[in-house]
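Sequential numbering of the sequence shown, starting at 11, is according to my numbering. Okay, so here's the structure we're looking at.
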Amino acid sequence: MKTIFTTGQVAKICKVAPRTVSKWFDSGRLRGYRIPGSQDRRIPREHLIRFLKEHGMPRGELEDEAMGKVLLVGVDPTIRAGVVDMLDTTTTRWIPR
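Pasting the structure below:
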């Protein structure tokens, strides 16, 4: 799981231009740090997620990346139902096959 992002990577996630991300960073709206001796910016994952939540922006691929997966194959329906009941349905997608 990626923990540090460049402005270009953040721009791709947010579907904006890299210059827009730089403006967010420079204005203090998006927190991060500069690489010493360079103008390059880096944004830690937790600051990016906080920014997306504060601005009501989708966290799509960030959440998908962090989400674990459970594959139940050939499992008795009763056992499968028990596993599904144990999963947190607010953060878990159940895809019956």
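We put the beta carbon where it would ideally sit given N, CA and C, even for glycine.
If you draw a straight line from the alpha carbon of residue i to that of residue j, how long is it in whole angstroms?
{"i": "Ile45", "j": "Val31", "result": "16 Å"}
Cutting at 6 Å between CB atoms, please list the residues of its own chain near residue i, excluding the five before and the five after it.
{"i": "Arg39", "result": "none"}
{"i": "Thr16", "result": "none"}
{"i": "Arg51", "result": "Thr17, Phe35, Gly42, Arg44"}
For residue i, collect the residues of the same chain with a Cβ closer than 8 Å to its Cβ; drop the 5 residues on either side in sequence, then sort them by chain order.
{"i": "Ile59", "result": "Arg69, Leu72"}
So residue i packs on residue j, CB below 8 Å; how close in whole Å?
{"i": "Ile23", "j": "Pro54", "result": "That pair is no contact at about 14 Å."}
Relative to the C-alpha of residue i, which candidate in the options has its C-alpha closest?
{"i": "Met11", "options": "Glu56, Arg41, Lys33", "result": "Glu56"}
{"i": "Lys25", "options": "Leu81, Leu62, Lys79, Asp86", "result": "Leu62"}
Which residues bound the beta strand (DSSP E) around residue i?
{"i": "Ile53", "result": "51-54"}
{"i": "Ile14", "result": "14-16"}
Could you spell out the range, first to last residue, of the alpha helix (DSSP H) harbouring residue i?
{"i": "Val93", "result": "87-96"}
Got a sec? Which residues, its chain only, sit under 7 Å from residue i by beta carbon, not counting five neighbours each side?
{"i": "Met67", "result": "Cys24"}
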